[in-house]
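In terms of full-length UniProt numbering, the sequence shown has 100 at position 100, counting the first letter as 1, and numbering is strictly consecutive. C-beta atoms are modelled at their ideal positions from N, C-alpha and C, and glycine is treated no differently.
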Amino acid sequence: MSDASSDHTAPPSSDLGDPDAADAVSAGEILHRERLLPSVGTWIVGIAFGSVLGVILVPLSHFFAILTGILGIASMCLLLVLASPVIEVVGDRLRAGRAEIPVGLLGEPEVLGREGWEDAMSRGFEPLAFHLTRGWVHSGIRVPVLDEQDPAPAWVLSSRRPEDLALALRTARQG
Numbered sequence: 001m002s003d004a005s006s007d008h009t010a011p012p013s014s015d016l017g018d019p020d021a022a023d024a025v026s027a028g029e030i031l032h033r034e035r036l037l038p039s040v041g042t043w044i045v046g047i048a049f050g051s052v053l054g055v056i057l058v059p060l061s062h063f064f065a066i067l068t069g070i071l072g073i074a075s076m077c078l079l080l081v082l083a084s085p086v087i088e089v090v091g092d093r094l095r096a097g098r099a100e101i102p103v104g105l106l107g108e109p110e111v112l113g114r115e116g117w118e119d120a121m122s123r124g125f126e127p128l129a130f131h132l133t134r135g136w137v138h139s140g141i142r143v144p145v146l147d148e149q150d151p152a153p154a155w156v157l158s159s160r161r162p163e164d165l166a167l168a169l170r171t172a173r174q175g
């Protein structure tokens with residue numbers, strides 16, 4: 001896996017697309033950016049867990065109980081935000097969490113609405129595909145990988161705005 005096209009972490013080379021795409025990379029133009037924040041229910045559970053930390057200390061000291069509760073809630077909120085992956089199209093690169101791939105190695109994105117997403121996560125699940133999914137997001141995209149040396153046949157990504165993500169990928173591919 002030392003090939004730059006298969007590890008998707010090497011800088012883009014000029015042979016992956018046209019010169020305009022290389023200009024977009026140097027400009028670092030953000031075509032799409034989305035953080036997959038948790039659902040409202042997950043936030044409620046996180047806040048409840050943080051506040052329980054303070055309730056435990058009520059018999060010892062009201063001051064420390066309140067302080068611990070506030071710090072617990074703040075810590076849980078920070079953890080939830082930091083654990084939320086970012087999906088972005090910057091220049092000619094698609095980044096999903098820590099993974100990235102040049103858009104020149106990707107095919108036409110398929111927008112998956114609720115029904116398509118449920119099928120992709122159940123009967124149509126591709127075990128070899130790269131997945132960045134979150135259970136609280138019920139839509140996304142599937143993008144085939146055109147690189148024959150890549151073991152992943154596709155990228156399947158959760159997105160609350162799959163149409164915007166697909167449009168950004170098409171725009172980046174056109175340069």
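DSSP three-state assignment for residue i, whether helix, strand or coil
i: Gly130; result: Checking the displayed sequence, the identity of residue 130 turns out to be Phe instead of Gly. Residue state, collapsed to three classes: strand.
i: His32; result: strand
i: Val58; result: coil
i: Ala83; result: coil
Buried versus exposed, by CB contacts within 10 Å (16 or more), residue i
i: Leu94; result: buried
i: Ala74; result: exposed
i: Val58; result: exposed
i: Glu34; result: buried
i: Gly91; result: buried
i: Arg123; result: exposed
Rounded C-alpha distance that separates residue i from residue j
i: Gly97; j: Leu167; result: 19 angstroms
i: Pro109; j: Glu115; result: 17 angstroms
i: Leu31; j: Phe49; result: 37 angstroms
i: Leu16; j: Arg134; result: Confidence at Leu16 is low in this model, with a pLDDT of 38, below 50, so the placement of that residue is unreliable and no value is reported for it.
Residue-level contact to chain B via CB, residue i, 7 angstroms cutoff
i: Val90; result: Although the question refers to chain B, the structure presented lacks it and comprises just one protein chain.
Contact under 7 angstroms by Cβ, residue i with residue j
i: Ala154; j: Pro144; result: yes
i: Leu37; j: Val137; result: no
Close beta carbons around residue i, own chain, < 6 angstroms, minus the five adjacent residues each side
i: Gly69; result: Ser51, Gly54
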